[in-house]
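There are 2 protein chains.
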Amino acid sequence: MKNKRQGKILELISLHDIGTQEMLMEKLRDSGFDVTQATISRDIRELKLARVVTGKGSYKYLPPNVSESTVSVKFNGALTESIISVDSAVNIVVIKTYPGLAQAVATGIDAVENSMIVGCIAGDDTIMVVTRDEKSAAVVSQNIKKMIKTV
Amino acid sequence: MKNKRQGKILELISLHDIGTQEMLMEKLRDSGFDVTQATISRDIRELKLARVVTGKGSYKYLPPNVSESTVSVKFNGALTESIISVDSAVNIVVIKTYPGLAQAVATGIDAVENSMIVGCIAGDDTIMVVTRDEKSAAVVSQNIKKMIKTV
DNA sequence: GAATAAACCGCATAAATATTCATTTTGTTA
DNA sequence: TAACAAAATGAATATTTATGCGGTTTATTC
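Here's what the structure looks like:
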């Protein structure tokens, strides 16, 4: 029963915008699954669902996605050692590397997928990272600097 | 104050595993931001953070996932079929393509001359289009997305 | 089938988060 | 600067979510 119910939960949240466990409970009951909020809370933990803020400012459950796995990805030491300097202006972070290594480092930055980073482009020894806003640029720049230091 | 604080929040959640707003409140206070849980709740909504279940079964705040705001499409048009996603930040539009195709697509974008576009450069799989201002970036980004969809 | 253990789940409640309302702070215009 | 409007915030509280505990069901082994 539990498996079917959890399958139904995944189906429901992908079909509708469901913002609370109570709302989910009602939908589940419509589908013949008569459970309490407590059980749904446990299901959500087991399914590793995320509760996110939508564009409209309301809340919504989402299936597990890249967000979790991507965050754990870290730079490896070799890459951070190729970085000479990091600087930022407005919403752009500029990273200088030793000649020919920019592509490799940029690949690493792409791997550390981060919602603050819109995208990045690399030449031979320079990388430009476009971030969502000025604030993000500062954070990203600072994070990269920290990574350099800890290596 | 609010902006700095929210920037700090982004920094804190990217550096530590923060599972509750109360925990975040303590870290913020350590950093000199003396605010209440209520304010943090509002910040979280504004920053569109997500609360996700970690691998260990605990909870954790994360920045919003890129995939939410990124349009990823696969289509069968001449140039547009090589485009994976379009996004923008401030006055820059970033277009991701399949590997090696960025140059070709960029040539197409240059061809579609537009007074809003200052210029663009292309790497291997990423194009950056610099526009006059923020509004232009939104328009250009929107137009490209439409081109992808209508093909 | 009986005995035992493990998983499941509801109830009640604790813990965490969101929101209302009143106040203060900040920004704007004259 | 004064007067006003808008934004930001805290305190209290409502709402939502997580969990301890005990009962029940399910699975396993004899």
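As you go down the protein sequences, you meet chains S and C in turn.
The working numbering puts the first residue of the first sequence at 2, with every later residue one more than the last.
The working numbering puts the first residue of the second sequence at 2, with every later residue one more than the last.
Using N, Cα and C, we set each Cβ at its ideal position, and we do this for glycine too.
Counting only residues of its own chain and dropping the five nearest sequence neighbours on each side, I41(S) has a CB closer than 8 Å to the CB of I10, Q22, L25, M26, L29. Within the segment 18-42 of chain S, no residue places its CB atom closer than 7 Å to a CB of chain C.
C-alpha of V141(C) to C-alpha of V94(C): approximately 8 Å in a straight line. K97(C) is positioned such that its CB atom lies closer than 9 Å to that of S86(C). Close partners of N144(S) in chain C (Cβ separation under 7 Å): S15.
Close CB contacts of K3(C) within its chain, under the 7 Å cut and outside five residues either way in sequence, are absent. Nearest in C-alpha terms to S15(S), of all of T127(S), E135(S), P64(S), I128(S), is P64(S). For D88(C), the residues of chain S that pass the 8 Å Cβ criterion are V119, G120, in the order they occur in the chain. Annotation: the continuous alpha helix (DSSP H) that includes T40(C) extends over 38-48. Closer than 9 Å to the CB of V91(C) there is at least one CB belonging to chain S. Look at S86(C) here: in three-state DSSP terms it is strand. Residue pairing from DSSP leaves A139(S) without any beta-bridge partner. The DSSP-derived three-state label of R52(S) is strand. Residue-level contact by beta carbon fails for A139(C) and chain S, as no gap is shorter than 9 Å. Taking the beta carbon of L50(S) as reference, the chain C residues within 9 Å of it are V53, V54, listed in sequence order. Residue nearest to D31(C) within the set D18(C), L13(C), D44(C) is L13(C) (criterion: CA-CA distance).
Between E135(S) and chain C, the shortest Cβ-Cβ separation is below 9 Å. According to the DSSP assignment, M26(S) belongs to the alpha helix (DSSP H) that extends over 22-31. Under the DSSP assignment, K5(S) falls in the alpha helix (DSSP H) whose first and last residues are 3-16. S137(S) counts as buried, since no fewer than 16 other beta carbons sit within 10 angstroms of its beta carbon. Proximity of chain S to K97(C) at the Cβ level (cut-off 8 Å) is accounted for by G120, in chain order. In terms of Cβ geometry, K49(C) and G56(S) form a close pair [threshold 9 Å].
Per the coordinates, the alpha-carbon of Q143(S) lies some 19 Å from the alpha-carbon of I122(S).
Judged by DSSP secondary structure, K61(C) falls within the beta strand (DSSP E) whose first and last residues are 60-63. According to the DSSP secondary-structure assignment, M117(S) is paired through a beta bridge with no residue. At a cut-off of 9 Å between C-beta atoms, G58(S) counts as an interface residue with respect to chain C.
Around the beta-carbon of R52(C), 16 or more other beta-carbon atoms lie within 10 Å, marking it buried.
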